[in-house]
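These notes concern the structure reproduced below.
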Amino acid sequence: MAVNWQFTSWLYAMGAVCTWGVSDFLGGYTARRFHAFFLAALGHMSGTLLMLTIAVVAHEPFPSQSHLVWAAGAGVAGGVSLALFYRALSQGNMGVSAPVTAVMSAGIPTIFGIVREGFPGYVP
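The numbers in this note's numbering rise by one with no breaks, and the one at position 62 of the sequence shown is 374.
This is the structure:
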């Protein structure tokens with residue numbers, strides 16, 4: 313049986329969408345019982361541990377200090393925003409906070425890229 317690669321990419325995309333939606337729902341639901349900042353910190357610590365383990369096993373070189381500063385800043389900003397998102401979800405504003413967050417998380421980097429690099433050009 314031949315594999316249809318377009319179907320495979322569609323299947324991966326649907327899996328990512330479903331996983332993302334379920335994690336948002338479970339994060340908001342769990343934040344009703346636990347502190348939202350604790351949940352975000354727990355998620356970030358487990359992700360950091362996973363990445364460090366993969367880097368050590370793959371014998372990756374240690375990053376420079378400037379890269380570590382940018383990574384730490386991004387981690388802090390992401391952690392605080394995730395905690396605030398979980399808090400908004402836990403307060404019952406899922407119908408408002410989830411779509412607004414989705415649009416903003418796509419819109420802000422797009423606008424930044426357009427301002428910094430210009431509009432995308434035609435690719436033949």
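We put the CB at the ideal spot given by N, CA and C, even for glycine. None of these values were measured; they are calculated from a predicted model.
Cβ-based burial, residue i [other Cβ within 10 Å; buried from 16]
{"i": "Arg399", "result": "buried"}
{"i": "Phe374", "result": "exposed"}
{"i": "Ser409", "result": "buried"}
{"i": "Phe397", "result": "buried"}
{"i": "Ser417", "result": "exposed"}
{"i": "Ala343", "result": "buried"}
{"i": "Gly385", "result": "exposed"}
{"i": "Gly425", "result": "exposed"}
{"i": "Ala348", "result": "buried"}
Contact under 7 Å by Cβ, residue i with residue j
{"i": "Gly359", "j": "Leu401", "result": "no"}
Contact with chain D by residue i, beta-carbon distance below 7 Å
{"i": "Met363", "result": "In the structure shown, chain D does not exist; there is a single protein chain."}
Whole-Å CB distance - residue i paired with residue j, under 8 Å assumed
{"i": "His356", "j": "Gly387", "result": "6 Å"}
Point to revise | Those runs of the alpha helix (DSSP H) which lie wholly inside the region 374 to 411 and span at least 4 residues | key: 377 to 402
Check your understanding: Any contact of the region 391 to 398 with the region 351 to 358, i.e. 3+ C-beta pairs under 8 Å?
Key -> yes
Exercise for review: Could you tell me which uninterrupted alpha helix (DSSP H) segments, each at least 4 residues in length, are contained entirely in the region 331 to 369, listed from first to last along the chain?
Suggested key: 348 to 369
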